[in-house]
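Numbering (the working numbering), first residue to last: 872 to 1064.
Here a beta-carbon is modelled for each residue, glycine too, at the ideal position from N, C-alpha and C.
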Ligand SMILES: Cc1cc2nc3c(=O)[nH]c(=O)nc-3n(C[C@H](O)[C@H](O)[C@H](O)COP(=O)(O)O)c2cc1C
């Protein structure tokens, strides 16, 4: 589902910008229904679908949480433009088994730093992570690499005003019946302005 133009522009500026590392916090729901949160690098995509991608290890907790419960939420504070971006949505799991996504998976693998890829490969091979000179080739794809493909259905954008908090602006976009609806809300609560 296509995003509203404001969200599309924001995603391009923040999540599709290789100059800016979009490190945000991603929450999943664990087996007991408790929230579980960690920092991840979020990447925006509009092809093959509109979403956010997160590289991760398929043995990680976030992966097993999403397998049982696809609900996720995320938050990113962009200090450069004083904007807090929050979203709620669902995540799909993508692995090597999904042949349609092979090129996306490879492209996202190469977006990770070589030392992170080396860590994946050493772990997959059962080699101690702290060996002196790893000989694995980080271009080689690890079968333990997967992608979370997040489809947000709520975006909550808060532009903080660094000069005066009360002049900050906040908008909530919600996807309902295949249509995006938005409203401007108070920064302190969700009542309309
Ligand atoms: C700056 C930073 C960026 C990170 N980016 C990712 C990431 O993109 N994907 C990921 O799986 N873990 C990333 N991590 C590690 C996670 O925060 C986390 O420690 C790890 O994935 C295990 O989380 P889990 O057990 O909750 O699944 C990052 C950590 C930091 C500090």
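According to DSSP, residue i sits in a beta bridge with which residue or residues?
i            : result
residue 926  : 1018
residue 1026 : 958, 1044
residue 949  : 954
residue 1063 : 1056
residue 965  : 1018
residue 999  : BP columns for residue 999 are empty, so no partner.
residue 916  : 922
residue 942  : 961
residue 899  : 907
Which stretch, first to last residue, makes up the alpha helix (DSSP H) that contains residue i?
i           : result
residue 980 : 973-982
residue 988 : 985-996
What did DSSP end up calling residue i once you bin it into helix, strand or coil?
i            : result
residue 934  : helix
residue 880  : helix
residue 894  : strand
residue 1038 : helix
residue 885  : helix
What span of residues does the beta strand (DSSP E) with residue i cover, start to end?
i            : result
residue 1050 : 1050-1056
residue 909  : 906-912
Residues passing the C-beta test against ligand 1 heavy atoms, cut-off 7 Å: This criterion selects 894, 907, 909, 910, 911, 912, 925, 926, 927, 928, 931, 932, 933, 934.
Would you be able to state if there are at least three C-beta pairs under 8 Å between the region 982-991 and the region 1002-1012? Taking 8 Å as the limit for Cβ pairs, the verdict is that the region 982-991 does touch the region 1002-1012.
How about the region 1022-1039 and the region 993-1006: do they share at least three Cβ pairs that are nearer than 8 Å? No, they do not touch.
How do the region 896-913 and the region 935-945 stand: do at least 3 beta-carbon pairs fall below 8 Å, yes or no? Contact between the region 896-913 and the region 935-945 is established, with three or more Cβ pairs separated by less than 8 Å.
Are the region 918-930 and the region 970-984 touching by the rule of at least three beta carbon pairs closer than 8 Å? Short answer: they touch.
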